[in-house]
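Just below is one structure, and these are the notes that go with it.
Number of protein chains: 2
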Amino acid sequence: MALIVHKYGGTSMGSTERIRNVAKRVAKWVRAGHQLVVVPSAMSGETNRLLGLAKELSPNVTTPEVMRELDMIASTGEQVSVGLLAIALQTEGVQAVSYAGWQVPIATDDAYTKARIQSIDDQRVRADLAAGKVVVITGFQGIDPDGHITTLGRGGSDTSAVAVAAALKADECLIYTDVDGVYTTDPRIVPEARRLSSISFEEMLEMASLGSKVLQIRSVEFAGKYRVRLRVLSSFTPWDLPLEEEAHSGTLITFEEDENMEQAVVSGIAFNRDEAKISLLGVNDKPGIASQILGPVADANIDVDVIIQNVSHDGRTDFSFTVHRNDYARTMDLLKTKVVPQTGAVDLIGDPKICKVSIVGIGMRSHVGVASRMFRALSEEGINIQMITTSEIKTSVVIDEKYMELAVRALHKAFDLEQTPA
Amino acid sequence: MALIVHKYGGTSMGSTERIRNVAKRVAKWVRAGHQLVVVPSAMSGETNRLLGLAKELSPNVTTPEVMRELDMIASTGEQVSVGLLAIALQTEGVQAVSYAGWQVPIATDDAYTKARIQSIDDQRVRADLAAGKVVVITGFQGIDPDGHITTLGRGGSDTSAVAVAAALKADECLIYTDVDGVYTTDPRIVPEARRLSSISFEEMLEMASLGSKVLQIRSVEFAGKYRVRLRVLSSFTPWDLPLEEEAHSGTLITFEEDENMEQAVVSGIAFNRDEAKISLLGVNDKPGIASQILGPVADANIDVDVIIQNVSHDGRTDFSFTVHRNDYARTMDLLKTKVVPQTGAVDLIGDPKICKVSIVGIGMRSHVGVASRMFRALSEEGINIQMITTSEIKTSVVIDEKYMELAVRALHKAFDLEQTPA
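Residue numbers (the working numbering), protein chains in the order written: chain A, 2 to 423; chain B, 2 to 423.
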């Protein structure tokens with residue numbers, strides 16, 4: 002007998018017919034002897050409908066008072082879901098009880114609409130599990146220290162599920178979603194992209210933050226921090242798929258030291274076309290130059306991603322970085338007026354038509370020559386590399402946007418990602 | 002400065018446009034210097050939509066476990082309403098905060114879908130009022146001793162508003178609804194029917210229980226018990242109606258000893274065509290005969306309304322009573338098989354085509370001849386009276402259903418109800 006947490010997205014909960022199928026799937030796990038906690042999202046479209054009503058009344062205001070009420074309103078979508086799923090389970094002959102976040106309680110801070118989970122009391126849930134019940138808990142929400150309802154922000158139900166699994170020390174947390182796992186890269190760009198049977202947390206974090214949209218990044222961080230075994234799998238398989246098959250489907254996100262990890266050097270290719278590149282040429286190279294350039298950018302609340310500063314010649318250096326494409330114009334203006342004069346830069350150039358392509362893999366730690374293999378593959382396709390940045394388990398290059406698909410395909414092939422590693 | 006509770010029904014909350022109007026009306030009261038607590042219902046149609054979803058999953062089951070989930074689901078309708086109204090108030094420049102029943106908390110028993118309020122903690126609400134905020138509280142719901150959400154049953158928001166007013170010792174509780182007050186009788190039957198500017202609790206209770214549908218009867222009982230001044234008034238007046246005018250509109254439900262009470266002997270005519278009459282003729286008149294007849298009826302969970310037993314002749318008597326028309330066939334069967342043989346009744350006759358018409362008035366206590374004036378008026382119209390029953394402040398007659406409208410009109414005229422009393 003294992004303690005398992007299931008999470009179902011809004012599409013899976015989109016109609017009473019679909020909720021009935023979720024209930025049948027959960028019942029299958031219960032009948033196999035497992036203890037189940039289920040965290041469903043709101044029925045698809047419901048959160049948007051609710052927030053739309055609020056927006057009609059207050060199109061622009063974002064005071065804490067309005068945000069508090071938004072959470073009061075939006076949290077009801079999940080409350081309806083858990084009640085309906087509990088009824089569907091009871092109709093299947095499975096004992097079940099539903100709880101809103103405040104009933105567990107799931108304690109959060111008071112950052113309305115984007116709260117963070119602080120602790121989860123497991124007593125009530127454990128008592129119900131011990132009594133043979135399936136416990137259905139609202140995703141996406143909690144209660145702050147003053148007893149107000151909070152929500153975790155879009156995609157927060159993934160985080161709720163992982164946090165509940167962590168609090169209960171669950172054996173595994175299964176995220177049922179509309180993709181059947183994590184792929185070596187986006188199959189829309191590389192048809193040969195292969196589903197990974199497992200991936201490490203660190204790789205998953207890099208993949209998630211680099212643009213792969215399978216899991217909310219915070220839920221992956223949470224799983225890593227509390228060492229929750231996390232599996233992403235398809236919610237579109239028939240509910241009566243044999244349990245053994247279902248239990249091993251999708252992608253397991255696990256720890257490096259776990260057994261069964263694939264031994265590939267590179268696990269996947271991530272990409273991101275939302276960035277823009279900015280360079281200050283010939284700035285005076287003296288201590289404090291980086292903060293002199295990036296300080297005003299940070300003060301304007303603009304996130305900087307890649308940062309490159311090369312060695313200097315004749316007391317001058319070139320300084321480059323990337324920002325989100327939406328912040329490009331604002332950043333250029335800012336630099337022109339507040340930074341160029343102070344730094345003695347001889348030129349300011351920018352390019353919003355770039356993209357970032359990265360290879361990600363735990364194996365890069367112990368293998369040499371991985372980056373050069375990347376550069377060679379790109380060079381063979383005639384792709385010019387504009388910037389390079391590396392971390393322990395990834396290497397990213399900034400290239401012209403128009404080469405993105407070509408680069409991803411070339412790298413996928415260069416690292417043999419279409420083939421299952423031995 | 003007064004502390005006022007407003008209650009708005011589902012129609013008033015039916016769209017964001019209407020919610021905005023409710024907010025403007027509440028803001029008007031706040032700007033006049035009053036402290037306001039507002040109890041809105043769910044947006045019209047929402048509770049039915051939510052319960053409809055649940056019904057699709059569990060058409061028949063009514064176990065306590067399912068009922069608990071129904072409350073979990075149905076209570077969200079009001080939670081959305083309070084959040085939206087709080088936002089609309091903030092947009093009007095009025096400080097406001099919303100609470101679900103469990104946040105106040107409004108403590109109830111655990112009778113899911115028809116819970117009763119047991120106590121209301123006023124601390125949190127008082128603190129917000131003292132801080133200058135309008136407090137918006139969900140109607141229709143509370144929390145049971147184990148922390149589960151409960152609902153009070155249909156129309157429960159009236160009761161919530163009155164209970165909140167009682168807990169806060171509010172100066173007045175205003176029920177904004179789609180009628181503009183309590184009438185001497187149904188204006189659809191008597192066009193001359195007149196709105197009462199005030200009515201006593203006892204009269205209102207009799208009017209409510211006799212078929213007048215203005216207020217949920219439990220809310221009136223609650224108001225009587227805790228001496229809450231209750232006013233029923235129209236939600237269809239413009240929001241910018243001068244406050245003094247609005248504050249004195251509708252019907253005040255108050256205490257007999259209050260000043261300003263109308264001094265009419267009869268305040269209104271109530272009627273009910275949902276009843277059926279049953280008579281057992283020539284039963285042996287001996288001690289225990291009433292319970293011998295009505296015991297099996299009560300055991301079958303059938304409510305009995307009017308009960309009449311006349312003096313006996315030759316050791317035999319006739320025993321009559323009325324039940325809800327839906328229970329007529331079942332009651333007749335029951336009597337035939339289980340009661341007639343044991344009581345030696347010589348005949349069992351029934352009539353489902355009857356109605357009950359009642360005159361209600363506190364003044365009947367101190368005036369003689371009121372009932373005979375009623376009987377004379379009916380007699381002048383050639384209406385035969387089948388049964389008579391009286392209480393301290395009402396006299397009811399059972400007559401043929403086809404005479405109902407005629408009887409109501411004749412009585413309305415006989416007691417000069419179209420004229421405001423001196």
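Glycine included, C-beta positions come from ideal geometry on N, C-alpha and C.
Worksheet entry | Residue interval of the alpha helix (DSSP H) (run including threonine 344 of chain B) | 341 to 344
Item to complete: Mind listing the chain A neighbours of glutamine 80 of chain B? Cutoff is C-beta to C-beta under 9 Å, in chain order.
Response: Met73, Ile74, Ser76, Thr77, Gln80, Ile150
Discussion item. For a contact defined as C-beta to C-beta under 7 Å, what are the partners of glutamate 66 of chain A on chain B?
Written reply: Gln91
Practice prompt. Quick one: list the residues of chain A neighbouring threonine 17 of chain B, beta-carbon separation under 7 Å, in chain order.
Written response: Leu54, Glu57, Leu58
Worksheet item: Which parts of the region 119 to 186 of chain A are runs of the beta strand (DSSP E), unbroken and 3 residues or longer, counting only runs that do not cross its ends?
Response: 135 to 138, 142 to 144, 150 to 152, 173 to 178
Discussion item. Within 10 Å of its beta-carbon, does methionine 2 of chain B have 16 or more other beta-carbons around it, so buried, or fewer, so exposed?
Written reply: exposed
Worksheet entry | Proximity of serine 158 of chain B and valine 40 of chain B at Cβ, strictly below 9 Å | yes
Practice prompt. Please work out which residues of its chain come closer than 7 Å, Cβ to Cβ, to valine 165 of chain B, disregarding the five sequence neighbours upstream and downstream, and give them in chain order.
Written response: Val6, Val38, Val40, Ile121, Ile138
Fill in: Beta carbon proximity, alanine 87 of chain B to chain A, threshold 9 Å
yes
Practice prompt. Check isoleucine 314 of chain A in the structure and name its three-state DSSP category.
Written response: Per the sequence shown, residue 314 of chain A should be read as histidine rather than isoleucine. If DSSP states are grouped into helix, strand and coil, histidine 314 of chain A belongs with the strands.
Discussion item. I need the DSSP call for aspartate 116 of chain A, collapsed to helix, strand or coil.
Written reply: It should be pointed out that residue 116 of chain A corresponds to alanine in this sequence rather than to aspartate. Correct three-state label for alanine 116 of chain A: coil.
Worksheet item: Around the C-beta of asparagine 327 of chain A, are 16 or more other C-beta atoms found within 10 angstroms, so that it is buried, or is it exposed?
Response: exposed
Worksheet item: proline 422 of chain B by DSSP, collapsed to three states: which one?
Response: coil
Discussion item. Taking the beta carbon of glutamate 18 of chain A as the centre, do at least 16 other beta carbons fall within 10 Å, making it buried, or is it exposed?
Written reply: exposed
Fill in: isoleucine 384 of chain A - partner residues in DSSP beta bridges
Partner(s): none; isoleucine 384 of chain A has no beta bridge.
Discussion item. Just verifying my parser: in three-state terms, what is the DSSP assignment at lysine 278 of chain B?
Written reply: strand
Worksheet entry | Interface partners of arginine 21 of chain B on chain A, CB under 7 Å | Leu58
Practice prompt. Verify whether the separation of the beta carbon atoms of valine 126 of chain B and alanine 87 of chain B is less than 9 Å.
Written response: no
Item to complete: At 7 Å on the CB atoms, spell out the chain A contacts of glutamine 1 of chain B, in chain order.
Response: Nothing in the structure corresponds to residue 1 of chain B, since chain B is present only between 2 and 423.
Item to complete: Kindly give me the distance between the Cβ atoms of threonine 344 of chain A and isoleucine 270 of chain A, rounded to whole angstroms, as I take these residues to be in contact under 8 Å.
Response: That belief does not hold up - the Cβ atoms of threonine 344 of chain A and isoleucine 270 of chain A are roughly 36 Å apart, past 8 Å.
Fill in: chain A contact residues for serine 268 of chain B, given Cβ-Cβ distances below 8 Å
By Cβ distance, chain A contributes nothing, its closest Cβ being about 42 Å from serine 268 of chain B, past 8 Å.
Worksheet item: With which residues is arginine 232 of chain B paired in a DSSP beta bridge?
Response: B:Leu175, B:Leu253
Item to complete: Could you say which of A:Leu58, A:Gln104, A:Ala224, A:Ile118 lies nearest to valine 163 of chain A if we only look at CA atoms?
Response: A:Ala224
Worksheet entry | Meets three-Cβ-pair contact criterion under 8 Å: the region 387 to 396 of chain A and the region 140 to 148 of chain B | no
Item to complete: Pick helix, strand or coil for arginine 219 of chain A, following the three-state DSSP scheme.
Response: helix
Fill in: serine 16 of chain B versus glycine 156 of chain B - alpha carbon distance
19 Å
Discussion item. So for serine 201 of chain A, helix, strand or coil by DSSP?
Written reply: strand
Discussion item. Taking the straight line between their C-alpha atoms, what separation do you get for glutamate 57 of chain B and glycine 46 of chain B?
Written reply: 17 Å
Worksheet entry | Chain-ordered chain A contacts of valine 1 of chain B [CB-CB under 7 Å] | Given a span of 2 to 423 for chain B in the structure shown, any question on residue 1 of chain B remains unanswerable.
Worksheet item: histidine 413 of chain B by DSSP, collapsed to three states: which one?
Response: helix
Worksheet entry | Cβ of alanine 164 of chain B within 9 Å of any chain A Cβ | no
Item to complete: Spell out the partners DSSP gives phenylalanine 322 of chain A in its beta bridges.
Response: A:Ile279, A:Ile308
Item to complete: Can you tell me which of the three DSSP states arginine 189 of chain B falls into?
Response: coil
Fill in: Stretch-stretch touch, CB-based, cutoff 8 Å, three pairs: the region 90 to 103 of chain B with the region 20 to 34 of chain B
yes
Worksheet entry | Where leucine 86 of chain B sits in the DSSP three-state scheme | helix
Practice prompt. From the DSSP output, in three-state form, read off valine 95 of chain A for me.
Written response: coil
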